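A.B. asks:
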Amino acid sequence: MPSQAARDLFITGLRNAHAMESQAQELMERQVERMTDYPNVQARLREHLEETKQQLLRLERILEALGSSPSALKDMALSFGANIAALGHAMAGDEVLKNTFANNAFEHYEIAAYKSLLALCPQANAPSAEAPLRTSLREEEQMAAWVDANVEPVTLAYLAREERAAA
Ligand SMILES: [Fe+2]
0 MPSQAARDLF
10 ITGLRNAHAM
20 ESQAQELMER
30 QVERMTDYPN
40 VQARLREHLE
50 ETKQQLLRLE
60 RILEALGSSP
70 SALKDMALSF
80 GANIAALGHA
90 MAGDEVLKNT
100 FANNAFEHYE
110 IAAYKSLLAL
120 CPQANAPSAE
130 APLRTSLREE
140 EQMAAWVDAN
150 VEPVTLAYLA
160 REERAAA
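Going by numbering that gives the first Met the number 0, 24 is the number at position 25 of the sequence shown; the sequence numbering is gapless.
Okay, here's the thing in structure tokens:
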């Protein structure tokens, strides 16, 4: 039998992850629109936006299987939004760089959240949640690696734009 504490912590963790992914979705939707000068970044963000929508569905299915209500999801999403609203930078000046740094941090936050949920699966006796959570973790790790590798190219692309503008 799983302890009540393990079950509660797992459900809270799933709701927090759902709020996190809702916020990620909003953030990327804003960024994608403004990233027209950086088409490869825009394309990868668009791809991860679609992944994020699937991640949200995975979390919803896991929560439903545990008997959690959708209204609770909504509340958590709203409260999380206030915490990281500052990450939604307008794309002016060097904001493309700030967005890249923020996305780097955000992806690593997501990785930690999924690792934490995976650690709780056996404790909460939720073995069927493991495969979908692992899929989402892999997607976050791939996105984090991409953002990390993009720091240098996007910095140099930004510099080239500035130099062209100054010339
Ligand atoms: Fe992500």
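Even glycine gets a Cβ: it sits at the ideal position worked out from N, Cα and C. This one's a predicted model, so the numbers in the text were calculated from it and none came from an experiment.
1) For aspartate 36, does the three-state DSSP call read helix, strand or coil?
2) By Cβ distance, which residues of its chain are closer than 7 Å to arginine 133, with the 5 residues on each side in sequence left out?
3) Taking buried to mean at least 16 other C-beta atoms within 10 Å of its own C-beta, is asparagine 98 buried or exposed?
4) For methionine 34, collect the residues of the same chain with a Cβ closer than 6 Å to its Cβ; drop the 5 residues on either side in sequence, then sort them by chain order.
5) Any contact of the region 137 to 147 with the region 100 to 108, i.e. 3+ C-beta pairs under 8 Å?
6) Apply the 10 Å Cβ neighbour rule to serine 21 and answer buried if 16 or more other Cβ atoms are within range, or exposed otherwise.
7) Can you determine whether any heavy atom of ligand 1 sits closer than 7 Å to the C-beta of histidine 17, and answer yes or no?
8) Are three or more beta carbon pairs between the region 123 to 137 and the region 50 to 60 nearer than 8 Å?
9) Can you determine whether any heavy atom of ligand 1 sits closer than 7 Å to the C-beta of histidine 47, and answer yes or no?
10) Out of curiosity, what's the CA-to-CA distance linking alanine 128 and glutamine 3?
11) Please state whether the Cβ-Cβ distance between tyrosine 37 and valine 153 is less than 8 Å.
12) Just to confirm before moving on: does the CB-CB distance between alanine 111 and asparagine 15 stay below 8 Å?
13) Go ahead and pull the three-state DSSP assignment for alanine 23.
14) Between alanine 42 and ligand 1, is there a pair consisting of the residue's CB and a ligand heavy atom that are separated by less than 7 Å?
15) I need the boundaries of the alpha helix (DSSP H) containing alanine 164, first residue and last residue.
16) Less than 7 Å separating the Cβ of glutamate 28 from some heavy atom of ligand 1?
C.D. replies: Reading off the structure:
1) Locating residue 36 in the sequence shown gives position 37, counting from the first residue. Looking at aspartate 36 - three-state DSSP - the assignment turns out to be coil, as it is neither helix nor strand.
2) The count along the sequence shown starts at 1 and reaches residue 133 at position 134. So the qualifying residues of the chain are Leu117.
3) Position 99 of the sequence shown holds residue 98. That one is buried.
4) Taking the sequence shown and counting its residues from 1, the one referred to as residue 34 is at position 35. Within the same chain, methionine 34 has close Cβ partners Val40, Gln41.
5) yes
6) Residue mapping note: residue 21 aligns to position 22 of the sequence shown, counting from 1. Flag for serine 21 reads buried.
7) As a first step, residue 17 must be located in the sequence shown, where it is residue number 18. No, the beta carbon of histidine 17 sits no closer than 7 Å to any heavy atom of ligand 1.
8) Yes: at least three Cβ pairs fall under 8 Å.
9) Along the sequence shown, read from residue 1 onward, the residue named residue 47 stands at position 48. At least one heavy atom of ligand 1 is nearer than 7 Å to the Cβ of histidine 47, so yes.
10) Along the sequence shown, one-based indexing puts residue 128 at 129. Along the sequence shown, one-based indexing puts residue 3 at 4. Their backbone Cα atoms lie some 17 Å apart in a straight line.
11) Counted from its first residue, the sequence shown places residue 37 at position 38. Counted from its first residue, the sequence shown places residue 153 at position 154. Cβ atoms of tyrosine 37 and valine 153: closer than 8 Å.
12) Looking up residue 111 in the sequence shown gives position 112. Looking up residue 15 in the sequence shown gives position 16. Contact flag unset, no.
13) Position 24 of the sequence shown, counting from 1, holds the residue named residue 23. Correct three-state label for alanine 23: helix.
14) Position 43 of the sequence shown, counted from the first residue, corresponds to residue 42. No, Cβ of alanine 42 sits at least 7 Å from all heavy atoms of ligand 1.
15) Along the sequence shown, read from residue 1 onward, the residue named residue 164 stands at position 165. Segment 129 to 165, the alpha helix (DSSP H) holding alanine 164.
16) Here residue 28 is taken as the residue at index 29 of the sequence shown, counted from 1. No, since every heavy atom of ligand 1 falls outside the 7 Å radius drawn around the Cβ of glutamate 28.
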